[in-house]
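**Student:**
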Amino acid sequence: MTTQHLSHSITVELGPTFGSDIDRVRKSQVSWLDGMTVSNDPIFAVEQPVELVGVSASGSSDTSVPLPSPASSLTFVPAGERKTRGIMPDSHIVNQLRSNGSTGMCVDSLSRSVLITDVDERTVIDAIQAQADVNTDSLNALKRDLLVPKFYDDLPQAKASQATALLKKNVRRHEREHVRCLLNPETAIWNELEVYWRSVLLGKNPRTWNDPSFLSRFADLYTIPSQYTIELLAMARERYAAADSAVEQAVKSEVASQRGTEQVLLQRFRDHGIDQDTLIELLRSPVSEQYTDLWLMYILTELQAGRSLDKIEVDQFHTTYSPSLAAYDGAVGDQKTQSLFAGFMREWMIGPVFELVRLTFTDGQFVLERAWYSMNPDISDAECLLAVRRALFQREFIATFGVESGLDDLRMDRQMAVERTIHDESFKTEVLFDRSVPSSDQLSTDVKTAYESTASTLLGPHATTDDLCTWLNDPQYGFTDHST
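Residue numbers (my numbering): 834 to 1317.
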């Protein structure tokens, strides 16, 4: 691969659940989000024909495309004219969506991005053989990743195909629950939703930069890890159902092998006799939605100490770790409070929105589509455009601010402490509940630095913070001479 290709490359990370149900997706592009309030029509979609220029397969010696994690990936460069349907986005949005980077099959609470595909695994392999110079070892490794070797080694062809289809269905169900957890304000993990709300306000209204209480609460909430609460909810929603028990068992085994620490945590709850419905109720409770993994670790520790679930009380949790927990008390209280906050999100934050990234292969051409959908049915086209801008702002701003402020490191320290607890180490209260976040003065300085950097990234090197504030609030900005 040439340096020129690398400078304009887009990497799509794959895995054994890469494929998608083609007919189902084409009939209704977001039909896998069953039961959620979202239109099938995107705010807009940008379709970019791309050319395959590189392959990296996990376990192979091909290092032409560095990977952040041990997964197969395909690297593309633009090849042809972009097509846009729906609301016409301004040039700054388009520039961000066509920029370099990687995307993987996940739902990210901060980037609000989802990846699905319309490409069958065998079609991908055939296209790779036809379009890219790939050595035999890399191609064989890629086949092993994409075709789920456990299925094709241990099951007859027909059963292997059934198992693959069931696995894909299971993945869609899992990712749908992630979206439900993080984007739908009626069912969200409230800690994450408030982080999102506050981060958008930091861009929409710069007066928040110098509000110590606003910044302090944002820092407190941002550093609460929530990976396992969200993962457990998604895992608890999974259902394995096949006419053939061998197929069902193969899928269960494959999913468990991919889960890692999350599977260990789920198994510990099962060992204590907690069924899935009870677990979902526990994870959807106000205290869990506010304290996420911190509450989860408290529950697990109490169970490991021999206390039954019905004896574990929220008041004792607060008593044991008060007053440090007081900083996390916020929006979650009762259903009325949640409804009011959800209404506020929709009316004033004109969101949430999320991005659906799709890789298709039609008539010998790969196309990467980036479509944005709104979960707010009551806003205008102009407001939809602003909502996308704010999501793009939030994506870039948080990435910069988390590093500048050191909050990313603190969040990671707490995440590692949670993982140690899952693996039977003691509950480290001084790590999980210590509020050693940067001072408000330092946070204010870091916000300003990150905001200036974000303005340059989104709007160009000569953009000012005033330009960025206008872009986030005025839907006409970007379609005028101001954008040049």
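A virtual CB, placed ideally from N, CA and C, is assigned to each residue, including glycine.
(1) Just the C-alpha distance for Ser1272 and Asp1246, rounded to the nearest angstrom, thanks.
(2) In chain order, what residues of the same chain have a beta carbon less than 8 Å from the beta carbon of Asn1306, not counting five sequence neighbours either side?
(3) I'd like to check one pair, Ile1022 with Asp1126: are the Cβ atoms closer than 8 Å?
(4) Mind checking Pro903: buried by the 16 CB within 10 Å criterion, or exposed?
(5) Please name the residue, chosen from Val1120, Glu1071, Gln1091, that lies closest to Thr1109 on a Cα-to-Cα basis.
(6) Does the segment 1087-1105 come into contact with the segment 1253-1261, if we say contact requires no fewer than three beta-carbon pairs (one atom in each stretch) closer than 8 Å?
(7) Does DSSP put Tyr1073 in a helix, in a strand, or in coil?
(8) Taking Cβ to Cβ, would you say Met1130 is nearer than 8 Å to Leu1301?
(9) Starting from the C-beta of Asp1077, find all residues in its chain whose C-beta is less than 8 Å away, skip the five residues before and the five after it, and write them out in chain order.
(10) Within the same chain, show all residues whose beta-carbon is closer than 6 Å to that of Gln929, passing over the 5 residues directly before and after it, in chain order.
(11) Per the contact definition of three or more C-beta pairs closer than 8 Å, is the segment 1035-1049 in contact with the segment 1267-1287?
(12) Which runs of the alpha helix (DSSP H), 4 residues or longer, sit entirely within the segment 1154-1185?
(13) Among Leu907, Arg1009, Leu885, Val1270, whose alpha-carbon lies nearest the alpha-carbon of Thr844?
(14) Starting from the N-terminal side, write out each stretch of the alpha helix (DSSP H) that is 4 residues or longer and does not extend beyond the segment 993-1050.
(15) Which residue's Cα is closest to the Cα of Leu1142: Asp966, Asn1024, Thr1170, Leu1115?
(16) So, for Phe1177: in the same chain, excluding its five sequence neighbours on each side, which residues have a beta-carbon less than 7 Å away from its beta-carbon?
(17) Is it a yes or a no for the segment 1210-1217 touching the segment 1016-1032, going by three-plus beta-carbon pairs under 8 Å?
(18) Would Tyr1206 pass as a contact of Val1186 if the rule is Cβ separation under 8 Å?
(19) Tell me the DSSP secondary structure of Ser1213 in three-state form.
(20) How about Val1200 and Gln881: do their beta carbons lie closer than 8 Å?
(21) Pull up the DSSP beta-bridge partners for Ser889, would you.
(22) Using alpha carbons as the reference points, say which of Val1251, Ser1289, Arg1179 lies closest to Leu1016.
(23) What residue from Gln1198, Val1190, Asp1211 has the CA that sits closest to Met1182's CA?
(24) For Gln1198, report the span of its alpha helix (DSSP H) as first-last.
(25) Locate the beta strand (DSSP E) running through Ile1107, then write down its first and last residues.
(26) Based on the DSSP output, what are the partners of Gly919 in its beta bridges?
(27) Could you spell out where the beta strand (DSSP E) holding Thr844 opens and where it closes?
(28) Tell me, please, which residues DSSP counts as bridged to Phe1266.
(29) Within this structure, are the beta carbons of Tyr1161 and Asp1053 separated by less than 8 Å?
(30) Locate the alpha helix (DSSP H) running through Gln1309, then write down its first and last residues.
(31) In whole angstroms, what is the alpha-carbon distance linking Ser1289 and Val1280?
(32) Looking at the C-beta of Phe1312, does it have a partner C-beta in chain C at a distance below 8 Å?
(33) Within a Cβ cutoff of 6 Å, which residues of the same chain sit near Thr896, ignoring the five residues on either side of it in sequence?
(34) For the alpha helix (DSSP H) that Ile1132 lies in, which residues bound it at each end?
(35) Excluding the five sequence neighbours on either side, which residues of its own chain have a C-beta within less than 7 Å of the C-beta of Thr1303, listed in chain order?
(36) Can you give the Cα-Cα distance for Ile1132 and Pro1156, rounded to whole angstroms?
**Tutor:** Let me lay it out:
(1) 18 Å
(2) So the qualifying residues of the chain are Lys1037, Leu1219.
(3) The Cβ atoms of Asp1126 and Ile1022 lie no closer than 8 Å to each other.
(4) Confidence at Pro903 is low in this model, with a pLDDT of 48, below 50, so its placement is unreliable and the value that follows should be read with caution. Pro903 is exposed by the Cβ-count criterion.
(5) Position check: residue 1109 holds Gln in this sequence, whereas Thr was assumed. Out of Val1120, Glu1071, Gln1091, Glu1071 has the C-alpha closest to the C-alpha of Gln1109.
(6) yes
(7) For Tyr1073, the secondary structure class from DSSP, reduced to helix, strand or coil, is coil.
(8) no
(9) Lys992, Gln995
(10) Leu1225
(11) Contact holds: three or more Cβ-Cβ distances are below 8 Å.
(12) 1168-1181
(13) Leu907
(14) 1023-1037
(15) Leu1115
(16) The answer is none, since no qualifying residue turns up.
(17) no
(18) yes
(19) coil
(20) yes
(21) Ser906
(22) Arg1179
(23) Distance check between Met1182 and each of Gln1198, Val1190, Asp1211 places Asp1211 closest, using alpha-carbon atoms only.
(24) It is not in any alpha helix (DSSP H) - Gln1198 instead sits in the beta strand (DSSP E) that spans 1198-1207.
(25) Premise fails: Ile1107 is in no beta strand (DSSP E) and is neither H nor E.
(26) Phe877
(27) Counting along the chain, the unbroken beta strand (DSSP E) around Thr844 starts and ends at 843-846.
(28) Its beta-bridge partners do not exist; DSSP assigns none.
(29) yes
(30) Run containing Gln1309: none; DSSP gives neither H nor E here.
(31) For the pair Ser1289 and Val1280, the Cα-to-Cα distance works out to about 14 Å.
(32) Note that chain C does not occur in the displayed structure, where there is just one protein chain.
(33) Bear in mind that the predicted position of Thr896 carries a pLDDT of just 35, short of 50, making it too unreliable to give a figure here.
(34) 1126-1137
(35) Tyr1310.
(36) Per the coordinates, the alpha-carbon of Ile1132 lies some 19 Å from the alpha-carbon of Pro1156.
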